[in-house]
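Novice: In the working numbering, the protein residues as written are 3 to 94. C-beta: ideal position from N, C-alpha, C; glycine also. Quick caveat, the model's predicted, so the values are computed rather than measured.
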Amino acid sequence: MKVGSAYGSELEPDQPVVTAIMAMATVLVWKAIPQLPIADSSEPASVGAALRGYLALLRRRAVVAASVAFLLIFLGISLYMMYLPAWRSLAS
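Here is the structure:
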């Protein structure tokens, strides 16, 4: 059962609990996970610098393999979800 008006903020009864859990998780992530060391760049931040960084990443075989694997998985799941209703209607 929802609490609130039809046009106002509608909160589920357990919403404050979920909000508190997420707030605690955010604080724990912020305080407990160490920040990774970031290499300083002598180059100013720009679109060109970002593109050069991505191109340098794409020269690594492991990064290309992981990107292709992600792409195939994502496309496979998308196609399955898109065409599943059509396949089910053809089967019945």
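Work out the CA separation of L86 and Y56 for me, nearest whole Å.
Specialist: Mapped onto the sequence shown, residue 56 falls at position 54. Mapped onto the sequence shown, residue 86 falls at position 84. The straight-line gap from Cα to Cα measures roughly 35 angstroms.
Novice: Would you kindly work out how many angstroms separate the C-alpha atoms of L81 and R90, rounded to a whole number?
Specialist: Translated into the one-based positions of the sequence shown, residue 81 becomes position 79. Translated into the one-based positions of the sequence shown, residue 90 becomes position 88. So the two alpha carbons sit approximately 14 angstroms from each other.
Novice: Could you pull the start and end residues of the alpha helix (DSSP H) that Q17 belongs to?
Specialist: Position 15 of the sequence shown, counted from the first residue, corresponds to residue 17. Its alpha helix (DSSP H) spans residues 17-34.
Novice: Quick check on DSSP: helix, strand or coil for A41?
Specialist: Your numbering for residue 41 matches position 39 in the sequence shown. Reduced to three states, the DSSP call for A41 is coil.
Novice: Tell me the residue span of the alpha helix (DSSP H) that contains S80.
Specialist: On the sequence shown, residue 80 is found 78 positions in, with the first residue counted as 1. It spans 63-93 - the alpha helix (DSSP H) in which S80 sits, taken as one unbroken run.
Novice: If you reduce the DSSP assignment to three classes, tell me which class A58 lands in.
Specialist: Counting from 1 along the sequence shown, the entry for residue 58 is found at position 56. Of the three classes helix, strand and coil, the one that applies to A58 here is helix, per DSSP.
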